[in-house]
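Numbering-wise, this note's numbering puts 71 at position 67 of the sequence shown, and it's gapless, one number per residue. Read through the structure below, which is laid out as structure tokens, and then see the notes.
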Amino acid sequence: MKINPTGFNKIQVYQNQLKIVGNQQSKQQKEDQVEISSQAKDLQSASKILSDREERVQQLKQQVQEGSYEINPSTIAEKMMNYFSKK
5 MKINPTGFNK
15 IQVYQNQLKI
25 VGNQQSKQQK
35 EDQVEISSQA
45 KDLQSASKIL
55 SDREERVQQL
65 KQQVQEGSYE
75 INPSTIAEKM
85 MNYFSKK
């Protein structure tokens, strides 16, 4: 008479299935994360600067059209001197 160990194979199949289900559950429990790089943060702040600049340009255009824009030549000359003396 020959006895085959059939019970162990059934247990192994069940244990393998438990491992697969456990792996799937651990994958489902992970959460999504978003990280914003420093370059993206700089671009966000740059867009704010651009909107502020656009607002200032619109104000200057309106002043020029109304004729109320006044030029201060000494300030312009001073800034030009500072700009060219740095180079």
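Each residue gets a CB set at the ideal place from its N, CA and C atoms; glycine is no exception. Just so you know, these numbers come straight off a predicted model, no measurement behind them.
Compute the Euclidean distance between the alpha carbons of residue i and residue j, then round it to the nearest angstrom.
i          : j          : result
residue 49 : residue 35 : 28 Å
residue 52 : residue 73 : 25 Å
residue 68 : residue 58 : 15 Å
residue 81 : residue 65 : 22 Å
residue 47 : residue 76 : 33 Å
residue 54 : residue 42 : 18 Å
residue 16 : residue 25 : 14 Å
residue 83 : residue 60 : 19 Å
residue 87 : residue 38 : 42 Å
residue 63 : residue 40 : 34 Å
residue 79 : residue 85 : 10 Å
Tell me the residue span of the alpha helix (DSSP H) that contains residue i.
i          : result
residue 53 : 42-70
residue 86 : 77-90
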